[in-house]
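What follows is a set of notes on a single structure, which appears directly below.
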Amino acid sequence: MHRRPLIAGNWKMHLTLTEAVNLARTVATSASACPDRDVMVAPASTALAAVCNAVADTPLLVGAQNVAWEKEGAFTGEISPIMLTDLGVNMALVGHSERRQIFGEDDAMINRRLRGALHFGIRPVLCIGETLAEREDGRTFAVLESQVRQGLHEVSIEQMAETVLAYEPVWAIGTGKTATTEQAQEVHGFLRRLLAAIYEKTLADKTRILYGGSVKPDNIDALMAQPDIDGALVGGAALKAESFDRIVQFR
Ligand code: 13P
Numbered sequence: 047m048h049r050r051p052l053i054a055g056n057w058k059m060h061l062t063l064t065e066a067v068n069l070a071r072t073v074a075t076s077a078s079a080c081p082d083r084d085v086m087v088a089p090a091s092t093a094l095a096a097v098c099n100a101v102a103d104t105p106l107l108v109g110a111q112n113v114a115w116e117k118e119g120a121f122t123g124e125i126s127p128i129m130l131t132d133l134g135v136n137m138a139l140v141g142h143s144e145r146r147q148i149f150g151e152d153d154a155m156i157n158r159r160l161r162g163a164l165h166f167g168i169r170p171v172l173c174i175g176e177t178l179a180e181r182e183d184g185r186t187f188a189v190l191e192s193q194v195r196q197g198l199h200e201v202s203i204e205q206m207a208e209t210v211l212a213y214e215p216v217w218a219i220g221t222g223k224t225a226t227t228e229q230a231q232e233v234h235g236f237l238r239r240l241l242a243a244i245y246e247k248t249l250a251d252k253t254r255i256l257y258g259g260s261v262k263p264d265n266i267d268a269l270m271a272q273p274d275i276d277g278a279l280v281g282g283a284a285l286k287a288e289s290f291d292r293i294v295q296f297r
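Read the sequence shown against our numbering and you will find it ends at 297, with the numbers running on by one and no gaps.
Next up, the structure:
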């Protein structure tokens with residue numbers, strides 16, 4: 047089953063406007079050089095419009111780091127899906143572990159965000175992952191299954207075809223501690239079987255499942271060689287043009 051790889055950079059709360067536009071231009075060049083894979087960056091919301099303009103004529107995809115579920119209203123601090131599509135943004139991260147842990151977003155809210163995004167034509171990247179305590183307690187698969195089932199509640203098979211999954215073990219984010227390729231593949235295989243159980247095998251075989259958590263130039267090739275790893279969601283190493291370019295050019 048061929049799944050088009052997706053390499054995504056999550057810039058989190060980094061980069062000024064000028065820095066973001068400059069980096070996006072360089073990443074767009076990397077993306078143009080690799081037409082067999084999708085490349086996306088998710089800048090901070092302050093830079094979304096400028097980055098969209100700067101890379102409009104390139105294959106680089108631009109995503110938001112989060113998205114609200116209503117098209118407008120009294121939601122101080124939030125950005126609506128139509129505000130994003132208005133800029134040319136057509137992807138968004140949903141349920142990143144930092145949103146869950148620091149900002150208290152729960153699975154029900156994440157599900158609303160995901161369905162809101164889909165409703166307005168934005169492809170969501172649903173992020174899931176277990177903490178170290180949950181892994182050490184042997185609860186990894188139960189936690190992930192619950193995040194997937196609740197995150198995808200009332201998401202149709204057609205909508206799921208537009209959705210990307212990203213497995214980011216919380217203990218591997220920003221720690222320099224990547225999951226081993228075996229640990230990552232074990233979880234990705236589990237997630238694909240779970241999707242087949244919830245939906246159907248054909249859909250599961252088509253769904254892209256990204257790995258995130260300390261992805262670097264020196265581990266990307268081994269990760270991408272795993273049968274169920276279809277791409278990467280990169281934090282720190284996406285902030286430097288040189289390291290992200292090497293990740294985009296995984297072999
Ligand atoms: P790092 O690559 O810095 O570990 O961050 C991963 C991440 O959270 C991407 O969303």
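Every residue, glycine too, gets a C-beta built ideally from N, C-alpha and C.
Note that the structure is predicted; figures quoted are calculated from it, not measured.
Around Val171, the same chain offers Leu139, Val210 and Ala212 as residues with beta carbons nearer than 6 Å, after the five sequence neighbours per side are excluded.
Judged by DSSP in its simplified three-state form, Ala66 adopts helix.
If you ignore the 5 residues before and after Glu151, its C-beta comes within less than 6 Å of the C-beta of Arg145, all in its own chain and listed in chain order.
Approximately 10 Å separates the beta-carbon atoms of Arg49 and Arg83; this is outside 8 Å, ruling out the contact.
Contact between Ala96 and Val67 holds, since their C-beta atoms are separated by about 5 Å, short of 8 Å. When rounded, the separation of the alpha-carbon atoms in Ile203 and Thr72 is 36 Å.
Here the C-alpha atom of Ala88 lies approximately 32 Å from the C-alpha atom of Gly184. Segment contact: the stretch 239–247 against the stretch 269–285, fewer than three CB-CB distances shorter than 8 Å; contact not assigned. Judged by their CB atoms, Leu133 and Leu94 are nearer to each other than the 9 Å cut-off.
The stretch 154–161 and the stretch 193–208 touch, with no fewer than 3 CB-CB distances between them shorter than 8 Å. For Cys80, no alpha helix (DSSP H) encloses it, and the DSSP letter there is neither H nor E. With contact defined as three or more Cβ pairs closer than 8 Å, the stretch 284–293 and the stretch 243–253 are not in contact.
Contact check for Leu63 and Thr104: beta-carbon distance about 18 Å, past the 8 Å limit, so the pair fails to qualify. Within the same chain, Phe296 come within 6 Å of Met270 by CB-CB distance, once the 5 residues on both sides are set aside. Taking every protein chain shown into account, the CB of Gln111 has 16 or more other CB atoms within 10 angstroms, so this residue is buried.
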